[in-house]
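K.L.:
Residue numbering for the sequence shown follows the working numbering, starting at 31 and increasing by one per position.
Every residue, glycine too, gets a C-beta built ideally from N, C-alpha and C.
Okay, handing you the structure first.
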Amino acid sequence: MESSGKVYRLIGKLLLIALLALTGWAVFVQFQNPIVAALATKQDTPVYAAILTQPSMTFAYNPSTRKVALNTIKRKKNPKDLMENATDLLAQDGIKNVPVRYYKPKQGKRDDYWENFKTNLTLWRYNPLLVPSFLWDYLSALHDKRTNIRPAEFMLFAIAATRLEVTDFNVRHTSIITKKKKSAAKKVSDPIAEPVEDRAPLAVEDRPLTLEVLNGSGKKGVAAELTHFLREQNQKGLLQVDVLQIDNFPGERQKETYIVDYSGRLNQIKQLSKAMGLNNEIVSEKQAQPIFDARVVIGEDYRKPI
């Protein structure tokens, strides 16, 4: 009986060693994954994914700068196979020779998905019960083969998301028009190059952020009021901004106040957004010779910053 007990203990130890070795091997294999390695070590290298909504989006996250670039790409045709669809989408955005990851949410429309994502990103800090629902959505997508994001990648993405705010997202829009079947796709509106890096030449200069303030709220005097506030913040040394022009927005009334980036100075624009009390993504547009670094469009939701 005593000898059999020793055998069982020996078998137990061997099984424990085998389990630890298997766990170590699994961790080693996971860290050979370039996405896991980039996220875990916070490399200054973007990781990419395709969000297969209608229209679809490319997702680029830089672990070092904690900036996200989202590019909405309108295409005439979307391949039915999800891997082919994702590969084509990333290629249309000039992203090649990277691990292709995709996610197809149940919410098919891009605007619905994006608004829901922004709301959850803001609310989870106040309602931790939302976290299990995020995990369930991922497991459901994995089960239904709507994503090929691996568990270790998802875990690190989720940890990174806990440090993100809506203002860390830089949004662009590109249209793809193909005239002939054999001709190459053409980008109609070219996005600002590498906004996720925040390395535009103007960003390294020690000078105020130049702004244009447009009133799209329909209320008189709010552009002048905001301009006075921003100039006051500049004088106090709280913000480095310089409002060069104020005017009325040349179009219909805008419901939300937002900032349009022309220069790539994303860190400074995020500071401006926070000072104004905004919690919106930053929209980027490309201009050949921009007069201003950014444009502030005042919407009906505008409230004087405190």
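For P221 and N245, I'd like the C-alpha separation in whole angstroms.
P.N.:
Because the pLDDT of P221 is 41, which lies under 50, any placement of that residue in the model is unreliable, and the number read from its coordinates should be weighed accordingly. C-alpha separation (whole angstroms): 25 Å.
K.L.:
Assuming I276 is part of the beta strand (DSSP E), what are its boundary residues?
P.N.:
Looking at the DSSP string, the run of the beta strand (DSSP E) that includes I276 is V271 to N278.
K.L.:
In the DSSP assignment, find the beta strand (DSSP E) that holds L100 and state where it starts and stops.
P.N.:
That run of the beta strand (DSSP E) goes K97 to K104.
K.L.:
Where S293 and E255 are concerned, what is the direct C-alpha to C-alpha distance, given to the nearest angstrom?
P.N.:
Distance between the alpha carbons of S293 and E255: 25 Å.
K.L.:
Measure the CB-CB distance between L269 and Q301 and report whether it falls below 8 Å.
P.N.:
Their beta carbons are under 8 Å apart, which means L269 touches Q301 by this criterion.
K.L.:
Output the residue ranges of the alpha helix (DSSP H) runs that lie fully inside the stretch 62-137 and measure 4 residues or longer, sorted by chain position.
P.N.:
Segments of the alpha helix (DSSP H) lying fully in the stretch 62-137: 64-70 and 112-122.
K.L.:
Measure the beta-carbon distance from V273 to L308 and round it to whole angstroms, keeping in mind my assumption that it falls under 8 Å.
P.N.:
V273 to L308, Cβ: 16 Å. No contact.
K.L.:
Could you tell me how far apart the beta carbons of I251 and Y288 are, in whole angstroms, since I believe they sit closer than 8 Å?
P.N.:
Note on residue identity: the sequence assigns Gly, not Ile, to residue 251. No, G251 and Y288 are not in contact; Cβ-Cβ is about 20 Å, not under 8 Å.
K.L.:
At least one CB of chain B closer than 8 Å to the CB of E183: is that the case?
P.N.:
Of the protein chains in this structure there is only one, and it is not chain B.
K.L.:
In the structure shown, what three-state DSSP assignment does D323 receive?
P.N.:
In the structure shown, D323 sits in coil (DSSP, three-state: anything other than H, G, I, E or B).
K.L.:
For my contact list, I179 and R131 are in at a C-beta cut-off of 8 Å; report their separation, rounded to the angstrom.
P.N.:
The Cβ separation is near 5 Å, so the contact holds.
K.L.:
Taking the C-alpha atoms as reference points, what is the distance between D323 and Q298?
P.N.:
Cα to Cα, the separation comes out at about 10 Å.
K.L.:
Could you give the distance in angstroms between the alpha-carbon of N157 and the alpha-carbon of K304?
P.N.:
C-alpha separation (whole angstroms): 22 Å.
K.L.:
Name, in chain order, the residues that DSSP records as bridge partners for L165.
P.N.:
Beta-bridge pairing links L165 to no other residue.
K.L.:
Tell me the rounded alpha-carbon separation between K72 and A99.
P.N.:
K72 and A99: Cα-Cα distance of roughly 17 Å.
K.L.:
Along the chain, where does the beta strand (DSSP E) that runs through D291 open and close?
P.N.:
Run containing D291: Y288 to D291, per the beta strand (DSSP E) assignment.
K.L.:
If you drop the 5 nearest sequence neighbours on each side, which residues of the same chain put their C-beta closer than 6 Å to that of V128?
P.N.:
So the qualifying residues of the chain are Y78.
K.L.:
Give the DSSP bridge partners of K139, in chain order.
P.N.:
The partner list for K139 (beta bridge, DSSP) reads Q84.
K.L.:
Report buried or exposed for D118, applying the criterion of at least 16 other Cβ atoms within 10 angstroms of its Cβ.
P.N.:
Looking at its Cβ environment, which holds 16 or more other Cβ atoms inside 10 Å, D118 is buried.
K.L.:
Buried or exposed for M306, going by 16 or more other Cβ atoms inside 10 Å?
P.N.:
When all chains shown are included, M306 counts as buried.
K.L.:
Starting from L239, follow its DSSP beta bridges and name the residues at the other end.
P.N.:
Paired residue(s): V271.
K.L.:
Under the rule that 16 or more other beta-carbon atoms within 10 Å means buried, what is S170, buried or exposed?
P.N.:
So S170 ends up on the exposed side.
K.L.:
Quick check on I47: buried or exposed, where buried means 16 or more other Cβ atoms within 10 Å of its Cβ?
P.N.:
Looking at its Cβ environment, which holds fewer than 16 other Cβ atoms inside 10 Å, I47 is exposed.
K.L.:
Please list the terminal residues of the continuous alpha helix (DSSP H) segment that includes S303.
P.N.:
Where S303 is concerned, the enclosing alpha helix (DSSP H) stretches over L296 to A305.
K.L.:
In terms of alpha-carbon separation, which member of E183, K148 and Y143 lies closest to P64?
P.N.:
Cα-wise, what sits closest to P64 is E183.
K.L.:
For I328, which three-state DSSP category applies?
P.N.:
Note: I328 maps to strand in three-state DSSP.
K.L.:
Give a yes or no on whether the C-beta atoms belonging to P135 and K104 are separated by under 8 Å.
P.N.:
Going by C-beta atoms, P135 is not nearer than 8 Å to K104.
K.L.:
Please work out which residues of its chain come closer than 8 Å, Cβ to Cβ, to Y133, disregarding the five sequence neighbours upstream and downstream, and give them in chain order.
P.N.:
The residues are A79, A80, I81, L82, A171, R176, T177 and I179.
K.L.:
Ends of the beta strand (DSSP E) at I312?
P.N.:
Unbroken beta strand (DSSP E) run through I312: I312 to S314.
K.L.:
Taking only three categories from DSSP, how would you classify L159?
P.N.:
Correct three-state label for L159: coil.
K.L.:
Determine the closest residue to L120 out of Q317, T204 and V327, with distance taken between C-alpha atoms.
P.N.:
Comparing Cα positions, the closest option is T204.
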